[in-house]
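Right, one structure below, let's go through it.
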Amino acid sequence: MPPDRLATGVGSIDRLLGGGLETDSITELYGEGGSGKTLLCLEVAHRVAREGRWVLYVDTEGVSVDRLRSIAGDSLERILKRFLLSTPKNLEEEGRAVATACALAREGKRPVGLIVVDSATFYYRLSLSGADEDDARTALSLELAELVATALAAHVPVLVTNQVWRNLRDGTLEPLGGSFVNHVAKTILRFDRLPGARRRVTLVKHRSLPEGTAEFRITDSGLEG
Ligand code: ATP
Ligand code: MG
């Protein structure tokens, strides 16, 4: 039986994903700054909260309540009541926030519809090339392993965002975190900026769908595609 899907609400992305996000695995969104990763997280989170299910949102970059307001309109207060937002200030706090989110999702007391970690590699990146680089790699691996297990056990889709670095050998933009992140994420979407408010999403990896692309536009009231 094919896995359930959680529609993102952005038509072009849902068609690319065969209906939406898989509900038992991690979907990774990677791409350059301003490419729309956070906006897609907020768009999906809004849909889940609107239906009365909980969103466990680990935010390392300062989630834009203004953006959420423009998506949610008058229902912002009601939406926020279904958000459990944590704002870790370092990698250790991030690990604890993810562990708490996973425990809540598995406990099942509240109906959890989505876990978001945006970004999963912000503090990891800050630790690179420092004395604690190995610890950071271990912390990131543990965090992602816990998210994989939770998605599977609790049947909760997990969205993680990832930043990019420029590979100087060929100039390409590569996701951070190396092959480990790419292995644990069962779906990988790459985001690219196009002129103006247009953005392109490329399905780079999926368990059952071919590679493909979609486009969407960033508007005042959310993403349209
Ligand atoms: P980062 O890696 O820096 O976190 P991101 O991929 O998460 O980036 P978002 O925060 O999702 O990026 O997207 C922000 C982008 O959306 C910016 O390029 C901004 O100019 C654009 N944007 C925000 N509001 C609007 C709007 N109303 N109309 C058009 N574009 C907008
Ligand atoms: Mg972002």
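In this note's numbering, the protein residues as written are 593 to 817. The beta-carbon is built from N, C-alpha and C at its ideal position, and this holds for glycine as well. Nothing here was measured: the structure is a model prediction, and the numbers come from that model.
Query: Return yes when the Cβ of Ala743 is within less than 8 Å of the Cβ of Gly662, no when it is not.; Result: Per the sequence shown, the amino acid found at residue 662 is Ser instead of Gly. Not a contact, by the Cβ cut-off of 8 Å.
Query: For Ala806, does the three-state DSSP call read helix, strand or coil?; Result: strand
Query: What separation, rounded to the nearest whole angstrom, lies between the Cα atoms of Asn682 and Glu807?; Result: 34 Å
Query: Cβ-heavy atom distance between Glu816 and ligand 4 below 7 Å?; Result: Annotation note on ligand 4: not contained in the displayed structure, which lists ligand 1 and ligand 2 as its ligands.
Query: Have a look at the DSSP bridge pairing and note the partners of Ile707.; Result: Leu648 and Val750
Query: At a cut-off of 7 Å, is Glu653 close to ligand 2 when judged by its beta-carbon and the heavy atoms of the ligand?; Result: yes
Query: Contact check, Leu648 vs Ala697 under 8 Å by CB: the rounded distance?; Result: 7 Å
Query: What is the C-beta distance between Phe783 and Leu609, in whole angstroms, given that I count them as a contact (C-beta under 8 Å)?; Result: 14 Å between Cβ atoms; not a contact.
Query: For ligand 2, is there a heavy atom less than 7 Å away from the beta-carbon of Asp784?; Result: no
Query: Within 10 Å of its beta-carbon, does Thr713 have 16 or more other beta-carbons around it, so buried, or fewer, so exposed?; Result: buried
Query: Would you identify the three-state DSSP class for Val602, choosing helix, strand or coil?; Result: coil
Query: Mind checking whether the beta-carbon of Thr630 lies closer than 7 Å to any heavy atom of ligand 2?; Result: yes
Query: I need the boundaries of the alpha helix (DSSP H) containing Arg642, first residue and last residue.; Result: Lys629 to Arg642
Query: Since Ile707 and Ala693 should fall inside the 8 Å C-beta cutoff, what is the C-beta to C-beta distance between them, to a whole number of angstroms?; Result: 5 Å
Query: Are the beta-carbon atoms belonging to Thr652 and Val750 less than 8 Å from one another?; Result: no
Query: Is the Cβ-Cβ distance between Glu614 and Val650 less than 8 Å?; Result: no
Query: Nearest by alpha-carbon distance to Gly623: which of Asp710, Leu677 and Val704 is it?; Result: Asp710
Query: Identify whether Gly814 lies in helix, strand or coil by the three-state DSSP scheme.; Result: strand
Query: Could you tell me whether any non-hydrogen atom of ligand 1 is closer than 7 Å to the CB of Ile810?; Result: yes
Query: Quick check: the Cα distance between Leu674 and Ser800, rounded to an integer number of angstroms?; Result: In the sequence under discussion, the amino acid at residue 674 is Arg, which differs from the Leu named in the question. Distance between the alpha carbons of Arg674 and Ser800 is about 32 Å.
Query: My output table needs one value for Gly770: the three-state DSSP class, helix, strand or coil.; Result: helix
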